[in-house]
Amino acid sequence: MAPLPAEMLFIDTSGRGGATTAGRDPSVRVFEDEYELGDELGRGAFGVVYTAYAKRSGEAYAVKCMHKKKLMQLSSNSLVRVKDEIRALTALQHPHIIRMHATFESEDQLHILMEKADGGELFDRIVACGAFEEEHARHVAYQLLDVLHFMHTRAVLHRDIKPENLLLTSETSWDIKVTDFGLIKILDEHLFSAEELDANDAHHGDRRATVCGSNTYMAPEMAWHMAYGPALDVYSAGVVIYILLSGGPPYDVGQTPHPASTQSIPLPAQLFGTVSADAKELLKCMLEPSPSRRVTAAAALSSRWFSDHAVKTNDAGTGVQESVRGASTSDEGDLLDMAELQEWIGLRFGGLASANGWQHIKRCWGHDQRR
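Those letters in the sequence shown? Residues 1 to 371, by full-length UniProt numbering.
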């Protein structure tokens, strides 16, 4: 399928941005007129993320800058991924989902302006701290599950839950923002128009069987190339919580159990000796190999690990501002450029995917270090 023409790239977000040409409407906002670029925050296959400062107020944002020429050279699936991320950020309004403020398109570039989370990736704090104090792990876990419950009740899968896609709001806070919606999947067909459904079937097939995401966090049903649903995200979140409590993942890459397996997750005493029974019970329910027996996000939020403790978090989102329509997730993964630390421990494209890398980290911080 040929790449989409440039004029089709822009997704209108309530008049907050627009395509600019030599004869543009002077009322159309131009990114360079309103914002000034600061330091680089990250780099990926589709563009570079910078700090952006509002010229009038000085307020800091994060902006993803993408060259349209490069986008045009990518496959149609890659272009769909960019559109999907914009749609998701526009439609899914929740206190723990990164907020998109505006989009801007010029003849050469596309800018996505988002709120800036100053605490960096959850991954970096894991590397710095090792295993978390259980109270902090519970706080992060509740917010993550609240986001998944919010998305799943709206028939949206994230499909790439991992610490790199969870941003901390400040260097001292344990509040998170879920980001990177390039792999979302819409499950309910009534969210699409008939024409969009036909186009999806013709060009992409059933993406509920598409293998995507990061190996370490991949649910058994996806790893074994089976159809999947919302339980996929719950498993990935379970791996994140397991890492928060122990300092490492439950399985090495390639050791993900089959969905029909009855094996229990490893909970070695040297890593989980001080972890509560309620936390370990929730992990068993979230990391159940069978998706039909796995706990839902809603049920996980009602577990004793949360109900027996006062978890302080923002109120859940009240709903989408507009329905997610026409989002059809691409099959191709975004090969992100990892930070120097991740390269140092030998991680490539899959998040925390290197067993040797994890062993190296553990030797540095010690198995029982908790902060």
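Even for Gly, the Cβ is constructed at its ideal location relative to N, Cα and C.
Query raised in the report: Between the segment 218-234 and the segment 279-295, do at least 3 Cβ pairs fall closer than 8 angstroms?
Result: yes
Query raised in the report: Can you list, in chain order, the residues of its chain whose CB lies under 7 angstroms from that of Ser246, leaving out five sequence neighbours each side?
Result: Ala131, Leu271 and Phe272
Query raised in the report: Quick one, which of Val63, Thr90 and Gln143 has its alpha-carbon nearest Phe31's?
Result: Comparing alpha carbon positions, the residue from Val63, Thr90 and Gln143 closest to Phe31 is Val63.
**Report entry** Boundaries of the beta strand (DSSP E) in which His111 is found, first to last residue
**Finding:** Gln109 to Met114
Requested in this report: Count the other CB atoms, across all protein chains shown, that sit within 10 Å of the CB of Glu107; report buried if there are 16 or more and exposed otherwise.
Outcome: exposed
Query raised in the report: Does DSSP classify Cys212 as helix, strand or coil?
Result: coil
Requested in this report: Return the chain-ordered list of same chain residues with a C-beta closer than 7 angstroms to the C-beta of Thr318, the five sequence neighbours on each side being excluded.
Outcome: With a pLDDT of only 35 at Thr318, under the threshold of 50, the placement of this residue in the model should not be trusted, and no figure is reported.
Query raised in the report: Is there contact here, the segment 114-129 with the segment 167-181, by at least three beta-carbon pairs under 8 angstroms?
Result: yes
Query raised in the report: Under a Cβ-count criterion, where at least 16 other Cβ atoms within 10 Å of its own Cβ denotes burial, should Glu171 be classed as buried or exposed?
Result: exposed
Query - Terminal residues of the alpha helix (DSSP H) in which Glu134 lies - result: In this chain, the alpha helix (DSSP H) harbouring Glu134 covers Glu134 to His152.
**Report entry** Closest residue to Lys308 among Arg138, Leu287, Leu71 and His149 (Cα-Cα distance)
**Finding:** A quick correction: the sequence has Asp, not Lys, at residue 308. Of Arg138, Leu287, Leu71 and His149, the residue nearest in Cα terms is Arg138.
**Report entry** Rounded straight-line distance, which links the Cα of Thr262 to that of Asn165
**Finding:** Each residue's Cα considered, the two are about 30 angstroms apart.
Query raised in the report: From Ala276 to Tyr251, what distance separates their C-alpha atoms?
Result: Reading off the sequence, residue 276 comes out as Ser, not Ala. Cα to Cα, Ser276 sits roughly 21 angstroms from Tyr251.
Requested in this report: Closer than 7 angstroms by C-beta to Leu283: which residues in its own chain qualify, once you throw out the five before and the five after it? Chain order, please.
Outcome: Gly238, Ile241, Tyr242 and Ile265
Query raised in the report: Ser236 and Lys162 look like a contact to me (Cβ under 8 angstroms); what is the Cβ gap, rounded to whole Å?
Result: 7 angstroms
Query raised in the report: Per DSSP, Leu167 is paired with what?
Result: Per the DSSP secondary-structure output, Leu167 pairs in a beta bridge with Glu121 and Lys177.
Requested in this report: Apply the 10 Å Cβ neighbour rule to Gly248 and answer buried if 16 or more other Cβ atoms are within range, or exposed otherwise.
Outcome: Only buried fits Gly248, as 16 or more other CB atoms lie within 10 angstroms of its CB.
Query - Helix, strand or coil at Tyr217 [DSSP, three-state] - result: Collapsing the DSSP output to three states places Tyr217 in a helix.
Query raised in the report: Where do the ends of the alpha helix (DSSP H) carrying Arg304 lie?
Result: Arg304 to Ser307
Query raised in the report: Based on Cα-Cα distance, which residue from Leu113, Glu59, Arg81 and Thr169 lies nearest to Phe104?
Result: Leu113
Query raised in the report: So what's Lys185 in DSSP terms, helix, strand or just coil?
Result: strand
Query raised in the report: Does the beta-carbon of His225 have 16 or more other beta-carbons within 10 angstroms, so that it is buried, or is it exposed?
Result: Counting other Cβ atoms within 10 Å of its Cβ, His225 stays below 16 and is therefore classed as exposed.
Requested in this report: Quick one: residues in its chain with C-beta nearer than 8 angstroms to the C-beta of Met286, no 5 flanking neighbours on either side, listed in chain order?
Outcome: Val234, Tyr235, Ala237, Gly238, Ile241, Arg294, Val295 and Ala300
Requested in this report: Could you pull out every residue in the same chain whose Cβ sits closer than 6 angstroms to the Cβ of Arg304, ignoring the five residues on either side in sequence?
Outcome: Asp278
Requested in this report: Just list the alpha helix (DSSP H) runs in the segment 46-83, keeping only unbroken ones of 4 residues or longer that don't cross its boundaries, in chain order.
Outcome: 68-73
Report task. In angstroms with no decimal places, state the Cα-to-Cα distance between Leu267 and Met151. Result -> 29 angstroms
**Report entry** Sheet register partners of Leu157 (DSSP bridge)
**Finding:** In the DSSP output, where bridge partners are listed per residue, Leu157 has Lys185.
Report task. Over the uninterrupted alpha helix (DSSP H) stretch that includes Glu34, give me the two end residues. Result -> Phe31 to Glu34
Query raised in the report: So is Gly58 buried or exposed if we call it buried at 16+ other beta carbons inside 10 Å?
Result: Flag for Gly58 reads exposed.
Requested in this report: Determine, using beta carbons only, whether Gly38 and Tyr53 come nearer to each other than 7 angstroms.
Outcome: Going by C-beta atoms, Gly38 is nearer than 7 angstroms to Tyr53.
Query raised in the report: Cβ atoms of Met72 and Leu89: under 7 angstroms apart, would you say?
Result: no
Query raised in the report: Under a three-way DSSP split, which group does Ala231 fall into?
Result: helix
Query raised in the report: How would you call Lys83, buried or exposed, if buried means at least 16 neighbouring beta carbons within 10 angstroms?
Result: buried
Report task. Please report the residue range of the alpha helix (DSSP H) in which Glu281 lies. Result -> Ala277 to Met286
**Report entry** Exposure of Ser302, with buried meaning 16 or more beta-carbon neighbours within 10 Å
**Finding:** exposed
Requested in this report: Go to Ala260, then tell me how far its alpha helix (DSSP H) extends in each direction, as first and last residue.
Outcome: Unbroken run through Ala260: none, as it is neither H nor E.
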